[in-house]
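First residue of the sequence shown? That's 260 in the working numbering, and the numbers climb one at a time after it. Here a beta-carbon is modelled for each residue, glycine too, at the ideal position from N, C-alpha and C. As the structure is a prediction and not an experimental result, all values here were calculated from the model.
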Amino acid sequence: MVRDIFGNPFRPVTFSPEWRTSTVVALAEQMYESRDFSAMPILADALQDAGCDNDDILNHCRGDGPHVRGCWVVDLVLGKE
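Structure below.
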């Protein structure tokens, strides 16, 4: 669960603003508000469609989890620190 919240501290991730499409943001907001992270693989697809090619982000979204509120990818999408 710690990796879901903080990610890999030895591999900082840069998130491109171009990846924040309306679909990506809507998916992240829905998961954050509902605390249902079952759409993480769909978020990975949406990020990839937006041009994201970061393996750390995409693999995290497609991983088994568990995913919780505070997930570092969802927080990156939503601009939370």
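Taking Cβ positions, are A305 and T273 nearer each other than 8 Å? The residue given as residue 305 occupies position 46 in the sequence shown. The residue given as residue 273 occupies position 14 in the sequence shown. Going by C-beta atoms, A305 is not nearer than 8 Å to T273.
Distance check for R279 and Q307, CA to CA, integer angstroms please. Counted from its first residue, the sequence shown places residue 307 at position 48. Counted from its first residue, the sequence shown places residue 279 at position 20. Approximately 11 Å, taken between the alpha carbons.
Looking at the ligand MN, does it come within less than 7 Å of C320, judged from the CB to the closest heavy atom? No copy of the ligand MN occurs in the structure displayed, which carries no ligand at all.
Reduced DSSP category for S281 - H, G, I as helix; E, B as strand; rest coil: Along the sequence shown, one-based indexing puts residue 281 at 22. Of the three classes helix, strand and coil, the one that applies to S281 here is helix, per DSSP.
Outcome for A285 when other beta-carbon atoms lying within 10 angstroms are tallied against a minimum of 16: Within the sequence shown, numbered from 1, the residue matching residue 285 stands at position 26. Per the 10 Å Cβ criterion, exposed.
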